[in-house]
Amino acid sequence: MQYLLTWIEGEEVCYRIVPDLEFDHSLMQDKNLIITKIPN
Numbered sequence: 897m898q899y900l901l902t903w904i905e906g907e908e909v910c911y912r913i914v915p916d917l918e919f920d921h922s923l924m925q926d927k928n929l930i931i932t933k934i935p936n
């Protein structure tokens, strides 16, 4: 299962696709994340 992580930095919308939710959460500290599950 893949997940799409979306957040805003300044005026930019950023995203990252990860294979699971086992990622370094310290990288996303103080960010309002939107986590979307991508079906296979």
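Per this note's numbering, residue 897 is the first one in the sequence shown, and the count goes up by one each step. The beta carbon of each residue, even a glycine, is placed where N, CA and C say it ideally should be.
Sequence-distant Cβ neighbours of P915 in its own chain, meaning closer than 7 Å and more than five residues away, are Q898. A check of alpha carbon separations from W903 across K933, N928, P935, I934 identifies N928 as the nearest. Separation of I913 and L923 (C-alpha to C-alpha, rounded to the nearest whole angstrom) is 14 Å.
When DSSP reads this structure, K933 sits in a beta bridge with Y899.
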